[in-house]
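Oh and the sequence shown: position 17 is 19 in our numbering, straight run, nothing missing.
Cβ atoms here follow ideal geometry from the backbone N, Cα and C, with glycine treated the same way.
These notes are about the structure you will find just below.
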Amino acid sequence: MKITMIGTGYVGLVSGACFADFGHDVVCVDKDAGKIAAIESGRMPIYEPGLDHLVGSNAAAGRLSFTTDLGEGVKGADAIFIAVGTPSRRGDGHADLSYVYAAAKEIAAAVDGPTVIVTKSTVPVGTGDEVERIVREARSDVEIAVVSNPEFLREGAAIGDFKRPDRVVVGTTGDQRAIDVMAQIYRPLNLNQAPVMFTGRRTAELIKYAANAFLATKITFINEMADLCEAVGAEVQDVARGIGLDNRIGSKFLHAGPGYGGSCFPKDTLALVKTGQDHDAPIRIVETVVQVNDLRKRAMGRKIVKALGGEARGKTVALLGLTFKPNTDDMRDAPSIAIVQALEDAGATIVAYDPEGMDVAAPLMPQVTMAKDAYEAAKGADALVLVTEWDAFRALDLKRLAASMNQPTLVDLRNIYPIQEAQNAGFTLSRVGGKGTEK
Ligand code: UGA
Numbered sequence: 003m004k005i006t007m008i009g010t011g012y013v014g015l016v017s018g019a020c021f022a023d024f025g026h027d028v029v030c031v032d033k034d035a036g037k038i039a040a041i042e043s044g045r046m047p048i049y050e051p052g053l054d055h056l057v058g059s060n061a062a063a064g065r066l067s068f069t070t071d072l073g074e075g076v077k078g079a080d081a082i083f084i085a086v087g088t089p090s091r092r093g094d095g096h097a098d099l100s101y102v103y104a105a106a107k108e109i110a111a112a113v114d115g116p117t118v119i120v121t122k123s124t125v126p127v128g129t130g131d132e133v134e135r136i137v138r139e140a141r142s143d144v145e146i147a148v149v150s151n152p153e154f155l156r157e158g159a160a161i162g163d164f165k166r167p168d169r170v171v172v173g174t175t176g177d178q179r180a181i182d183v184m185a186q187i188y189r190p191l192n193l194n195q196a197p198v199m200f201t202g203r204r205t206a207e208l209i210k211y212a213a214n215a216f217l218a219t220k221i222t223f224i225n226e227m228a229d230l231c232e233a234v235g236a237e238v239q240d241v242a243r244g245i246g247l248d249n250r251i252g253s254k255f256l257h258a259g260p261g262y263g264g265s266c267f268p269k270d271t272l273a274l275v276k277t278g279q280d281h282d283a284p285i286r287i288v289e290t291v292v293q294v295n296d297l298r299k300r301a302m303g304r305k306i307v308k309a310l311g312g313e314a315r316g317k318t319v320a321l322l323g324l325t326f327k328p329n330t331d332d333m334r335d336a337p338s339i340a341i342v343q344a345l346e347d348a349g350a351t352i353v354a355y356d357p358e359g360m361d362v363a364a365p366l367m368p369q370v371t372m373a374k375d376a377y378e379a380a381k382g383a384d385a386l387v388l389v390t391e392w393d394a395f396r397a398l399d400l401k402r403l404a405a406s407m408n409q410p411t412l413v414d415l416r417n418i419y420p421i422q423e424a425q426n427a428g429f430t431l432s433r434v435g436g437k438g439t440e441k
């Protein structure tokens, strides 16, 4: 199959490289000439484990190429995927579809034969209808079908998620040729027995938002349960295990923490809320999830001040991990941003270390001093705060860290350090949803 991928962001670049790895012939298109040149010379625009190798090997094999020329890129394509950004629209939280519609117009102008146009970007219900209208209005002479094929990959585990998905969702308006093309594109996944589910187009668009909103709700549920655990002296990790072992609930996405962040959950929950309100079918549970999660990130700053003894002025706080999750350099809506703001407002000085995110983080938090490793960050600090659970932080020498600090206070916002180990190292420990050892 000849596939064109419009957009080389997270979803576009990973999907393009994986489709090429399946043996398809893929052209990735992006307007940003600098980005295309960088990718072609082996420099990835994002940090994603294994991506540089996957792109390099498929480009070398001649199955993956890059261009800034959309007209050139879509020539002869069996399927044209739109994988451009759909950020939150400034002011109202609706998904900003201007990049999607601009891509649809350019595709309409360039398309040279029958093809399937696929929205892979996360787009609100009804976007496929509008993309179809835009293309048909401009080009009644070509046979096109518009399909929704949402992507469920996670950052940091993107390649594995794409190649071994729990399911593939394809939404069509019943066009048999489109169904056949999509089935052929995903046929290599048959080996992994990944179910490919065909639905209506609007349904597929909604499945994506429903999945992300449900996962965000699950996280928020356990986060509120963590607060209750702290109040009543219970342990949230055991509560999570105790409910998660029930197959109907499942153990995943029940890790309490500083609140969800990233490029997806915050914007997608908000966009779903807006869609519900617009259609007089409010999703009140998700409205509450959005509010609770926003407040939680800043509340983590207050939790740290409490661990410092209630006063942050004149004190130094060392943060370990700044990105919204490990194995990415993505800082979008990262809890660390709200935590830094709250601590700065309280008068603290902040030092931080992150294995991959410091370059992206530095301009977002100009007052923060970036350290060269966890030990340098902790030196002389009054509190050490684990914000993001990078593997590199799991086996740190806690004794060495505690001994180098002005005050050995550890705030573990991801509950990765065993209580006994932290205590033995001399730390006063504050955790999420558990007793810890704070006074
Ligand atoms: C999420 C979804 O998991 C993907 O399925 C989806 O494709 C993607 O959004 C998207 O729409 O593009 P991602 O944002 O990469 O993926 O990261 P997650 O692993 O889902 O984590 C999101 C946030 O939730 C992070 O801040 C993470 O720390 C937090 N989280 C996750 C928790 O606090 N607790 C958990 O148990 C799980």
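Thr124 has its CB nearer than 7 Å to a heavy atom of ligand 1. Inside the stretch 91-127, DSSP marks whole beta strand (DSSP E) runs of 3 or more residues at positions 117-121, from first to last along the chain. One alpha carbon belongs to Pro126, the other to Gln279, and they sit about 13 Å apart. Counting along the chain, the unbroken alpha helix (DSSP H) around Phe223 starts and ends at 203-234. If the five residues before and after Asp54 are omitted, its C-beta is found closer than 7 Å to the C-beta atoms of Gly44, Met46, all from its own chain and listed in chain order.
In the DSSP assignment, the residues bridged to Lys4 are Asp27. In this structure, the C-beta of Lys327 approaches ligand 1 to less than 7 Å from one of its heavy atoms. In this structure, DSSP gives Gly52 a state outside helix and strand, which the three-state scheme calls coil. Judged by the Cβ position, Cys231 fails to qualify as a neighbour of ligand 1 at the 7 Å threshold, every heavy atom of the ligand being at least this far.
In the DSSP assignment, Gly173 falls within the beta strand (DSSP E) that extends over 170-174. 8 Å or more divides the Cβ of Lys299 from the Cβ of Leu310. The shortest C-alpha to C-alpha distance from Ile82 to any of Val118, Asp375, Val31 is the one to Val118. If you check the CB distance, Gly176 and Glu207 do not come in under 8 Å. Within the stretch 297-358, the runs of beta strand (DSSP E) at least 3 residues long that lie entirely inside it are, in chain order, 318-322, 351-355. Around the beta carbon of Ala233, fewer than 16 other beta carbons lie within 10 angstroms, which makes this residue exposed. Ligand 1 approaches Cys266 closely enough that one of its heavy atoms is under 7 Å from the residue's Cβ. Less than 8 Å separates the beta-carbon of Val171 from that of Ile209. The Cβ atoms of Val353 and Ala385 lie no closer than 8 Å to each other.
Straight through space, the alpha carbons of Ala35 and Ala111 are spaced by roughly 21 Å. In its chain, beyond the 5 residues on either side, Val275 have a beta carbon closer than 7 Å to the beta carbon of Glu289.
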